[in-house]
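Per UniProt numbering, the very first residue in the sequence shown carries number 1; after that it's consecutive.
No residue lacks a Cβ here, since even glycine has one placed at the ideal position from N, Cα and C.
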Amino acid sequence: VPTVLRENLLTPCSHWWLDSYPRLASPGGAGERLGMREVIQRAGETIFVPAGWWHAVLNHGWTIAVTENMLSPQTLARTWPMLSPDRRRSACLARAIRRLRPELLPVLRAGGEASGDEGSTVGSEHDKDDADFRMY
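As structure tokens, this is what we get:
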């Protein structure tokens, strides 16, 4: 992991809330110019955060959060290059796409399909059932 990225990953999130957030949220701050939105989500409510939107969550009190990350056909071209370096999981995803959404294969090929010792993962046959694919 590059040093700069490692430092960002190891910096506690409290740093963001104590340093960055006040600058964004202050009147006339960058958040105002960028269209920052703040909401309070109540019990039972759902919030959809569109792909590519930066966001942060601050829980007030005891909270159970259920989150999902979605890879949609519209975001596949932008997301695939970030997923493909993880060869095992990207191979599994490519097989699932081949089986369930073959019309999306050109997107994978254009983004540089993942390959390993088994050759191209886009269009390869495997016994494993990838219909239940999960990145985690």
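In three-state terms, what does DSSP make of residue i?
i, result
"S72", "coil"
"W16", "helix"
"V4", "helix"
"L10", "helix"
"S115", "The predicted position of S115 is uncertain, since its pLDDT is 40 and thus under 50; a value taken from the coordinates is nonetheless stated next. Strand, per DSSP."
"V107", "helix"
"A94", "helix"
"A56", "coil"
"T63", "coil"
Assign residue i to one of two classes, buried (16 or more other C-beta atoms within 10 Å of its C-beta) or exposed (fewer than that).
i, result
"C92", "buried"
"I64", "exposed"
"A94", "buried"
"I40", "exposed"
"I47", "exposed"
Hey, residue i and residue j: beta-carbon distance below 8 Å or not?
i, j, result
"T75", "A51", "yes"
"L100", "S90", "no"
Between residue i and residue j, how many whole angstroms is the CB-CB distance? I'm expecting something under 8 Å.
i, j, result
"W80", "L108", "6 Å"
"A110", "A77", "7 Å"
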